[in-house]
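K.L.:
The structure that follows is given in the form of structure tokens.
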Amino acid sequence: MHSLGPLGHPSLVVALFFVVAAGALFVASALTGRPQWSDAGQRALRVSAVLVVLATACLLSALFSHDFSFEYVANYSSRSLSGPYTLTALWGGMEGSLLFWTFLLMIYAVIALKTAPAITARLVAWAGAVLSVIAMFFLTLIVFAADPFKRLAPIPADGHGLNPLLQSPGMLIHPPLLYTGFVGFSIPFAFAMSALLSRRLEDTWFTATRRWTLFAWSALSIGIVLGGAWAYTELGWGGYWAWDPVENASFLPWLTATAFLHSVIIQEKRRMLKVWNVSLILLTYVLAVFGTFLTRSGILSSIHTFTEGPIGKWFLPFLAVMLIGGLSVIAIRFDDLRSENRFDSLLSRESAFLANNVLFVAAAFTVLWGTVYPIISEVTSGVRLSVGPPFFDTVFVPIALAIVALTGIGPLISWRRMSKGAFTRIVRAPLVAGAAVVVFLGVQGVHSLGALLAFGLCAFTATAIVSEFIRGSHVYRSRGTPWPRALGQTILRNRRRYGGYVIHLGVLLIVLGLAGSAFRSERQALLQRGESMHVGQYTLTYTHLERASTAEKFINRITITVARGGRDIATLYPQRNFHFAQRQPQSEVAIRTNPEEDLYVVVTSVDPNGGVALRAFVNPLTWWIWLGAGVMALGMAVLLTGGPTAAAPRRATGLVREPALAAK
Amino acid sequence: MDQPTASPSSRRRAKFAIGAGTILFALVGLIGWAMARPGSTSYYLTPTELHARGPSTTKSYRVSGNVAPGSIRHHGLATTFSVTDAHSQVRVTTRQPLPSAFKPGAQVVADGTYNGRSFSATQVLAKCPSKFKPKS
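Protein chains in written order, with the numbering used here: chain A, 1 to 664; chain B, 665 to 800.
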């Protein structure tokens, strides 16, 4: 029963004290230009970080020693909860997840400030000040409004346990990845604000934090896909994305961050779009905090909302301060942010990047609109509305398809300008490939316009990217290097460029999988033992029911024989269990997956006589979504292992015609 | 070398304004069109508000409240139950599977249409059970 728990709250109070001191020292250093005060600020921040890590360890200690004298431990864990899921209880509730957020923030802040390049001393002081302010907010929130170390009396014998839905391997990594992403954007945000405040508006702020941006973006991307995978394998409704406000909350900063990752390239290469870039990183950070607010304040009636806490009134002022403060700083420095170049031609890499940005921001705006419209409607007219998936599908699909097309065209176009003739030459092969796919599928009987466009554009863009790889590896192959090695060398020599292409290929595979959902089918049936149902080309026969009991749950394990074309091809074992601690049933999905299609079976009820209600889905091409995420992760690894200088040779060639064209 | 091109800045600005205007117009149009499509938005009502609003053949509703204890009936794959807000209740029929947290007294949200007598749900969601919230 004894744990380190009682040390938690005092550590946080002292940590808050040190963070205030750090903030004051950073501001003093920034205003006076004395680097030693900034160093002192960093030391204070480090002490604070150690204390936050200690507090996190205290909460873990309380969770693992089942110290139910803490309300949080009693609410989110129990004695029968297995070890790894006791760890997930750290972020399973609001208070713990805010502590976990602060834990990540402190660690990132300390590392980012410590490893910032030496030339950026002044930048570090202001960035430290911004990070201290953010940390101050979260620590204040934890200490005064959402204390995970709140005591409980009388002490219960056991806790309520963790929601069984959250007891899944996906939930071990999905939330930490999302938080890594959300919190990671604090670093480029802090350095951007610092660049504005210190008037050091050259490239330093984003080159110094490029790796942080990429890291945060990568974690967020993988986190979002894992969330989809969790929904798919745990929730049992046959899909992976429902445009739920909580899903949108993670998707919004992803959209603006993706725009940012692309548009900083224009600033780096052409010294343009400076206002746009600082605005995008501000927007990304504000959306990341807004996402935390949406998921944690209970403002939206979402099935995901764990608890409806009292933190809403804290988050809104913080968001307002960040947004208004950020915009004011941008406005004050507006004249320093003038572009050093202009758009020369509509047919240029710059324009393609700009179009990419417009599309990503438009996508973010439409998703934001649908997400907050119910709140606006209720506040302004008192009418409670909900905005459903049909809205999001309608607005998002056309924008997403335009982005896919641009993914293919953009990298082929040269900087500054390109002749129409050269452009026609370069898009000819991708166009032929795309058209061929559309005609082929049309003949095969595919008539959904959205799906035809999606598959056609995927083929178009894939051809464009593959041709880039072929051109890139041309040099090596002409020296007689065999194919796979030539390809590997191409990628490793210019990781930024080809890592990006690998990520684009991953995205295309995901789009392919998403487009497959246009052809899904679903059947439901009530079956007695020995009876069959049909879905797609499959015949499902219910053959056995096994019942068993463990300490946590009562298990109904159903055996389903799957036949296709009169031949047995698989056996599936979906479950319908009853969890004692939560007194609720829970379905365990059974999935037979392959590149062609998933067969997805859920038992939705079991009656006392052994009859079962089955729901079966055929989900074409879903497999490709997970493969695409894997390919994206590979591309991210290539990008993250490349040095910041990897692109240096390209700066020289940026103003001449692209090698891609010169080779023609 | 890197000088701005000769085009006068007013013409450039006009072009930029036209471009931005077109994009904004297209975006607003897209959102407006999507909002007007059937199923995009639905009124979020309590049973009392649903009765006050009355039946509709075109508009979809989302009714929320608690499952009235003792009201759940199963007929094959279909289930009927009453959703109550303490003042009035509405009978809900659905052929869709019910969520794990569905049980007497649970807080639920049903999406569907209302014909004046009963509510036909295309989806039933349950709020995470209150067990995971602190008991006061």
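Note that CB positions come from ideal geometry on N, CA and C, so glycine has one too. Note that this is a predicted model, so its numbers are computed, not measured.
Taking A:V446 as part of the alpha helix (DSSP H), name the residues at either end of that continuous run.
P.N.:
Walking along the first sequence from the start, residue 446 of chain A turns up at place 446. Note, A:V446: premise wrong, no alpha helix (DSSP H); not H, not E.
K.L.:
Taking only runs of the beta strand (DSSP E) that begin and end inside the segment 479-535 of chain A, which ones reach a length of at least 3 residues, in chain order?
P.N.:
As far as the segment 479-535 of chain A is concerned, its whole beta strand (DSSP E) runs of at least 3 residues are 521-527, 532-535.
K.L.:
Please confirm whether A:A55 and A:L7 have their CB atoms less than 9 Å apart.
P.N.:
Residue 55 of chain A sits at position 55 when you count from the first residue of the first sequence. Residue 7 of chain A sits at position 7 when you count from the first residue of the first sequence. Yes. Within cutoff.
K.L.:
Helix, strand or coil, according to DSSP, for A:L172 in the structure here?
P.N.:
In the first sequence, residue 172 of chain A corresponds to position 172, counting from 1. Correct three-state label for A:L172: helix.
K.L.:
Tell me the DSSP secondary structure of B:A750 in three-state form.
P.N.:
Numbered from 1 along the second sequence, position 86 holds the residue referred to as residue 750 of chain B. It is coil, neither helix nor strand.
K.L.:
According to DSSP, is A:P608 helix, strand or coil?
P.N.:
By 1-based counting over the first sequence, the position of residue 608 of chain A is 608. The answer is coil: DSSP assigns A:P608 none of H, G, I, E or B.
K.L.:
Can you tell me whether B:R755 is helix, strand or coil according to DSSP?
P.N.:
To locate residue 755 of chain B, count along the second sequence from 1; it is residue 91. Strand, per DSSP.
K.L.:
Just tell me which of A:I224, A:V367, A:V601, A:I413 has its CA closest to the CA of A:F396.
P.N.:
Numbered from 1 along the first sequence, position 396 holds the residue referred to as residue 396 of chain A. Of the candidates A:I224, A:V367, A:V601, A:I413, the one whose C-alpha sits nearest the C-alpha of A:F396 is A:V367.
K.L.:
Going by Cα to Cα distance, which pick from A:F137, A:Q524, A:A208, A:S77 is closest to A:L105?
P.N.:
Taking the first residue of the first sequence as 1, we reach residue 105 of chain A at position 105. The shortest Cα separation from A:L105 among A:F137, A:Q524, A:A208, A:S77 belongs to A:F137.
K.L.:
Using the three-state DSSP reduction, which class does A:H544 fall into: helix, strand or coil?
P.N.:
The residue you call residue 544 of chain A lines up with position 544 of the first sequence. Correct three-state label for A:H544: strand.
K.L.:
If the cut is a Cβ gap below 7 Å, which residues of chain A does B:I736 touch?
P.N.:
Working through the second sequence from its first residue, we reach residue 736 of chain B at position 72. Under the 7 Å cutoff, chain A gives no residues; its nearest Cβ is about 12 Å from B:I736.
K.L.:
Please classify A:I303: does DSSP put it in a helix, a strand, or coil?
P.N.:
Taking the first residue of the first sequence as 1, we reach residue 303 of chain A at position 303. With a pLDDT of 39 at A:I303, under the threshold of 50, the modelled position of this residue cannot be trusted; read the value that follows with caution. The answer is coil: DSSP assigns A:I303 none of H, G, I, E or B.
K.L.:
With a Cβ-Cβ cutoff of 9 Å, do B:P719 and B:V747 count as a contact?
P.N.:
Position 55 of the second sequence, counting from 1, holds the residue named residue 719 of chain B. Position 83 of the second sequence, counting from 1, holds the residue named residue 747 of chain B. Not a contact, by the Cβ cut-off of 9 Å.
K.L.:
Just the Cα atoms here: how many angstroms apart are B:A684 and A:D335?
P.N.:
Here the question's residue 684 of chain B lines up with position 20 in the second sequence. Here the question's residue 335 of chain A lines up with position 335 in the first sequence. Computed Cα separation, rounded: 22 Å.
K.L.:
According to DSSP, A:N556 sits in a beta bridge with which residue or residues?
P.N.:
Position 556 of the first sequence, counting from 1, holds the residue named residue 556 of chain A. The partner list for A:N556 (beta bridge, DSSP) reads A:R547, A:R576.
K.L.:
Between A:L505 and A:I465, how many whole angstroms is the CB-CB distance? I'm expecting something under 8 Å.
P.N.:
Taking the first sequence and counting its residues from 1, the one referred to as residue 505 of chain A is at position 505. Taking the first sequence and counting its residues from 1, the one referred to as residue 465 of chain A is at position 465. Yes, A:L505 and A:I465 are in contact; Cβ-Cβ is about 6 Å, under 8 Å.
K.L.:
Can you find a C-beta in chain B that's less than 9 Å from the C-beta of A:S386?
P.N.:
For the purposes of this step, residue 386 of chain A is taken as the residue at position 386 of the first sequence. Yes - at least one Cβ of chain B is within 9 Å of the one on A:S386.
K.L.:
Give me the residue from A:G223, A:H534, A:V404 with the minimum Cα distance to A:G179.
P.N.:
One-based indexing of the first sequence puts residue 179 of chain A at position 179. Looking at the sequence shown, residue 179 of chain A is not Gly but Tyr. Selected option, being the one with the closest Cα: A:G223.
K.L.:
Could you check if A:I332 is buried or exposed, using at least 16 other CB atoms within 10 Å of its CB as the buried criterion?
P.N.:
Reading the first sequence from its first residue, position 332 is the one you call residue 332 of chain A. Label assigned to A:I332: exposed.
K.L.:
Give me, in chain order, the residues of the same chain whose beta-carbon lies closer than 6 Å to that of A:N357; leave out the 5 immediate sequence neighbours on both sides.
P.N.:
Reading the first sequence from its first residue, position 357 is the one you call residue 357 of chain A. The residues are A259, S263.
K.L.:
Express the C-alpha separation of A:E340 and A:I142 in angstroms, rounding to a whole number.
P.N.:
Taking the first sequence and counting its residues from 1, the one referred to as residue 142 of chain A is at position 142. Taking the first sequence and counting its residues from 1, the one referred to as residue 340 of chain A is at position 340. Rounded to the nearest angstrom, the two C-alpha atoms are 45 Å apart.
K.L.:
When DSSP builds the beta bridges, which residues end up paired with B:L789?
P.N.:
For the purposes of this step, residue 789 of chain B is identified with residue 125 of the second sequence, where counting begins at 1. Paired residue(s): B:V773.
K.L.:
Between the segment 566-592 of chain A and chain B, which residues of the former have a C-beta closer than 8 Å to a C-beta of the latter?
P.N.:
So the close ones are Q582, R583, Q584, P585, Q586, S587.
K.L.:
Kindly indicate if chain A contains any beta-carbon less than 9 Å away from that of B:L714.
P.N.:
Taking the second sequence and counting its residues from 1, the one referred to as residue 714 of chain B is at position 50. So no, B:L714 is outside the interface.
K.L.:
So A:S524 contacts chain B; which residues on that side make the cut at Cβ distance below 9 Å?
P.N.:
The residue you call residue 524 of chain A lines up with position 524 of the first sequence. Note on identity: in this sequence residue 524 of chain A is Gln, with Ser being the wrong assignment. Result: L741, R759, Q760, P761.
K.L.:
By DSSP, does B:F796 sit in helix, in strand, or in coil?
P.N.:
Working through the second sequence from its first residue, we reach residue 796 of chain B at position 132. The pLDDT assigned to B:F796 is 38, lower than 50, so where the model puts this residue is not dependable; a value taken from the coordinates is nonetheless given after this. DSSP places B:F796 in helix when its eight states are reduced to three.
K.L.:
Just to make sure I have the definition right: I need the residues of chain A whose C-beta is within less than 8 Å of the C-beta of B:S784. Which are they?
P.N.:
Counting from 1 along the second sequence, the entry for residue 784 of chain B is found at position 120. In chain order: nothing, as chain A lies at least about 16 Å away.
K.L.:
Does A:E308 come out as helix, strand or coil in the three-state DSSP assignment?
P.N.:
Mapped onto the first sequence, residue 308 of chain A falls at position 308. For A:E308, the predicted model reports a pLDDT of 48, less than 50, meaning its position is unreliable; a value from the coordinates is still stated below. Three-state result, A:E308: coil.
K.L.:
Counting only Cβ pairs nearer than 8 Å, list the residues of chain B close to A:A362.
P.N.:
Counting from 1 along the first sequence, the entry for residue 362 of chain A is found at position 362. Those are I687, L691, listed as they occur along chain B.
K.L.:
Alpha carbon to alpha carbon, what distance is there between A:A116 and A:A548?
P.N.:
As a first step, residue 548 of chain A is located in the first sequence; it is residue number 548 there, counting from the start. As a first step, residue 116 of chain A is located in the first sequence; it is residue number 116 there, counting from the start. Straight-line Cα distance between these residues: approximately 57 Å.
K.L.:
Do A:L162 and A:L81 have their beta-carbon atoms positioned less than 9 Å apart in this structure?
P.N.:
Locating residue 81 of chain A in the first sequence gives position 81, where the first residue counts as 1. Locating residue 162 of chain A in the first sequence gives position 162, where the first residue counts as 1. Closer than 9 Å, so yes.
K.L.:
Counting Cβ pairs closer than 8 Å, one from the segment 502-519 of chain A and one from the segment 623-640 of chain A, do we hit at least three?
P.N.:
The segment 502-519 of chain A is in contact with the segment 623-640 of chain A.
K.L.:
Could you tell me if A:V177 is buried or exposed, where buried requires 16 or more neighbouring beta carbons within 10 angstroms of its beta carbon?
P.N.:
Along the first sequence, read from residue 1 onward, the residue named residue 177 of chain A stands at position 177. Note that residue 177 of chain A is Leu in the sequence shown, not Val. Looking at its Cβ environment, which holds 16 or more other Cβ atoms inside 10 Å, A:L177 is buried.
K.L.:
Give, in chain order, every unbroken run of the beta strand (DSSP E) that is at least 3 residues long and sits entirely within the segment 374-451 of chain A.
P.N.:
385-387, all fully within the segment 374-451 of chain A.
K.L.:
How would you list, in chain order, the residues of chain A whose beta-carbon sits under 8 Å from the beta-carbon of B:R726?
P.N.:
Against the second sequence, residue 726 of chain B aligns to sequence position 62. Result: S386.
K.L.:
If you follow the alpha helix (DSSP H) that A:L639 is part of, which residue opens it and which one closes it?
P.N.:
Working through the first sequence from its first residue, we reach residue 639 of chain A at position 639. It spans 623-641 - the alpha helix (DSSP H) in which A:L639 sits, taken as one unbroken run.
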